[in-house]
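Protein chains in written order, with this note's numbering: chain A, 23 to 475; chain B, 23 to 475. The beta carbon of each residue, even a glycine, is placed where N, CA and C say it ideally should be. Working notes, structure below.
Here's what the structure looks like:
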């Protein structure tokens, strides 16, 4: 039943991928709106009901809701995904343009291919497959798609907090993670949390000539360098007082399972990270460092002169975009406060600093011992022909923690990406095998829920 | 004779200031060319001869040459200046637009007003005043104006090195410096040198998602922070091995004279630098730190995500624009080599770095004991009604060292700017009193050279 839709499903996904729905850039609001309209039209055409564009807050981006609730007695599945994408820069590094989806070597190349439009479309097509074949679904289904995942997800958070009845469900399915390896289906049971900040440093009141004032005037860029090196040691240890106090290490059983995963650290460095060496805290494995240890990263340092050539300016102001990934049981609000205090303390004389917290999310750890996770394991085993593994992800999906807490439903992270998909990077891709396998696994998952209900 | 031209001179200067001749930005080549044409037309109209546009190197910006050599037996003065300006960013901070010259409170506000179009125009108008009144000059005069002062001055350097006969002169007059204070005429006898660099750091081969790879992947922005703090201590000491080895301290007599200059360090901080505190090496006065001690400054850190909002990227590459100001007797080539070695040594594992040297210039120290400096002192005393002081400048004018070395002529730095002119900053200004006083002082200076010849 799915095979007949392979080509049509791909065409429709490509139409969505062509829309540069970059939520972080205001000039793309119109493209986000077009993505909303496309998804609503798709839901309506499939036969879903209560298709709605939900505008939760002024200047926010709309949520898209749809449901089909005609399977009395069967469980209700809430599918979550997002239609917004990261900015495509640096543009010059894309082999095919980011918003011209292109098939190469069995992969779909486009910004958002894996994160998250391709995965959202696998969810949608799994439902469409049932509707097309049976004109009905084995379970009740709700879709809740958002357009602010890459910018903090304020709207979906507000909506979930205040609409428990409208979102009532037995489990939440999130497809926004990756399989551990090609052919090795995975269930993600852990996500890191996040505190994203912007540190702005002010020195003099105006830009100064480095010849005339160099040696007496404060330099905010130099101050930021001192703040950054004061926040994190060269050995990868975060130096913020209290930062590690609540860190809960992974269970021995979980660490043992990670040790059994196929992993070649040298191949990971050479083929995936592609850098001269790996970095991070001594005494922790790569799995621990990327899944179960917190980090602090600098994403950009706006300010000063960044054009071609030479300008001898001491800028009045500069900023650093710095985020921390959190692990269980770190408290985002506490970390944000500790970070702010540390930055203030590290700000050199002559400069003042201001910390803005752009977003926060706690880490998530899902129990593998529930029937929804069990059904997912069975579906993945059947479709991908291999025993699924339990892994964590170093990324953050704030809505997962929120759904678990607010809706009281287990969250099943069935993701079909691959580790080298290049999320947030040039040449982001999504394998056709992931797309079609995802559709089949999710369709199978829905059926399995009724068999065991 | 000068009074009658006050209004006309200002109009013509404004026409030059309206041209955004930003040499560092390729898109402004046409504006640089328009500045050249304007200056050539002006020289021709004034009655100067051999007016030439000199294109020294491909893709360079033209030099403008003109002369008047009909004063046999009298000395020859070579006037040097530059028609190029720094970029105007940050644009939002300008009260009036940078290329719409505006009079406010006795000042001309525009990019380039003081650096260096206003000062070049004072030179030109001093010659025009003589030509208009006497149809002749008391001395022989050459003008050599360049358009690459803000980007390294390659063309003028190449031209001076190879055209000694065409530039033969008894003294060089450079008007590109500031008076010590309003009403206190100054002769600049020292300039710092410069090594301007761009340090590019590469980590992974592509941008990475900070969630998936944070904790294992190298971060070039963090690497740059470590390089910067490794190059310079929090106390302002440069940590590059060998960096201070050749530093020649100022003579005791010179330091004593600086101590007698009117200076209020707290007022300097509050009204001029306008920062919460001054910075720099302990044990050195502000004069020493800005005139006679080398410095290292960061001007910009391009790379990563610098737009609005949040992007969780670990960039593959980032760069830092870093310059050092040099003092006598540091050797720019040696410093460049020491810097490059230090950056390589400071580059953390996981990253590689590459240093590009964009420009170099040695420091300059001029002897105050020659007749040209003596004439300048007398002219400044007469026109400004105060005893001129000998000062240094922390800035760099590479052509000054070159003229002294190549043309064997003393360089007289008669500059008419003021310390708060905001060179390279928003709201750059040039006082009308500086403009008109400069014209009068330079016209007087030419006459004085004949009286004493």
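In this structure, B:356 is the residue among B:356, B:332, B:201 with its C-alpha nearest to the C-alpha of residue 264 (chain B). A contact between stretches requires three or more CB pairs, one per stretch, nearer than 8 Å, and the region 300 to 319 of chain B fails this requirement with the region 287 to 302 of chain A.
Along the region 361 to 386 of chain B, the positions whose C-beta sits under 8 Å from a C-beta of chain A are 370, 371, 372, 373, 374, 380, 381, read in chain order. Chain order gives the chain A residues near residue 327 (chain B) as 109, 111, 321, 322, 343, where near means a beta carbon separation below 8 Å. Taking 9 Å as the threshold, the shortest C-beta distance from residue 266 (chain A) to chain B does not fall below it. The closest CA to that of residue 138 (chain A), considering only A:87, A:450, A:258, is found on A:450. At a C-beta separation below 9 Å, residue 129 (chain A) has no neighbours in chain B, since its nearest C-beta there lies roughly 15 Å away. In the assembly as shown, residue 360 (chain A) is a buried residue. Its beta-carbon has 16 or more other beta-carbons within 10 Å. By the Cβ neighbour-count rule, residue 179 (chain B) is buried, with 16 or more other Cβ atoms within 10 Å of its own. Runs of the beta strand (DSSP E) spanning 3 or more residues and lying entirely within the region 232 to 290 of chain A do not occur at all. Here the C-alpha atom of residue 301 (chain A) lies approximately 60 Å from the C-alpha atom of residue 187 (chain B).
Interface residue (Cβ-Cβ distance to chain A less than 9 Å): residue 283 (chain B) is not classified as such.
Closest in C-alpha terms to residue 330 (chain B), from the list A:342, A:337, A:335, comes A:342.
Assigned with DSSP and collapsed to three states, residue 229 (chain B) falls in coil, not helix or strand. Judged by DSSP in its simplified three-state form, residue 161 (chain A) adopts coil rather than helix or strand.
In the structure shown, residue 417 (chain B) adopts coil according to DSSP, grouped into three states. Separation of residue 45 (chain A) and residue 111 (chain A) (C-alpha to C-alpha, rounded to the nearest whole angstrom) is 14 Å. Within chain B, the C-beta atoms nearer than 8 Å to that of residue 254 (chain A) come from 244, in chain order. Nearest in C-alpha terms to residue 65 (chain B), of all of B:447, B:458, B:89, is B:89. In the assembly as shown, residue 235 (chain A) is a buried residue. Its beta-carbon has 16 or more other beta-carbons within 10 Å.
Just so you know, the alpha carbons of residue 123 (chain B) and residue 390 (chain B) end up roughly 36 Å apart. For residue 395 (chain B), the enclosing alpha helix (DSSP H) begins and ends at 393 to 406.
Per DSSP, residue 152 (chain A) is not a residue of any beta strand (DSSP E); the alpha helix (DSSP H) it occupies stretches across 140 to 156. Ranked by Cα distance from residue 76 (chain B), the options B:258, B:59, B:70, B:452 are led by B:59. Neighbours of residue 239 (chain B) across chain A, judged by C-beta separation under 8 Å: 295, 297, 300, 301. Around the beta carbon of residue 202 (chain B), a 10 Å sphere encloses 16 or more other beta carbons of the protein chains shown; the residue is thus reported as buried.
Every alpha helix (DSSP H) of 4 residues or more that sits fully in the region 323 to 374 of chain A is shown, in chain order, as 354 to 368. The Cβ-Cβ distance between residue 427 (chain A) and residue 212 (chain A) does not fall below 9 Å. Rounded to the nearest whole angstrom, the CA to CA distance from residue 399 (chain A) to residue 193 (chain A) is 14 Å. With 16 or more neighbouring CB atoms inside 10 Å of its own CB, residue 217 (chain B) falls in the buried class. At least one CB of chain A lies nearer than 9 Å to the CB of residue 231 (chain B). A check of alpha carbon separations from residue 417 (chain A) across B:462, B:237, B:445, B:120 identifies B:237 as the nearest. Contact annotation: the region 276 to 286 of chain B does not touch the region 360 to 370 of chain B, with fewer than three C-beta pairs closer than 8 Å. For the pair residue 148 (chain A) and residue 467 (chain A), the CB atoms are nearer than the 9 Å cut-off. Three or more beta-carbon pairs separated by less than 8 Å link the region 159 to 179 of chain A to the region 103 to 119 of chain A, which places the two stretches in contact. Listed as beta-bridge partners of residue 382 (chain A) by DSSP are A:217.
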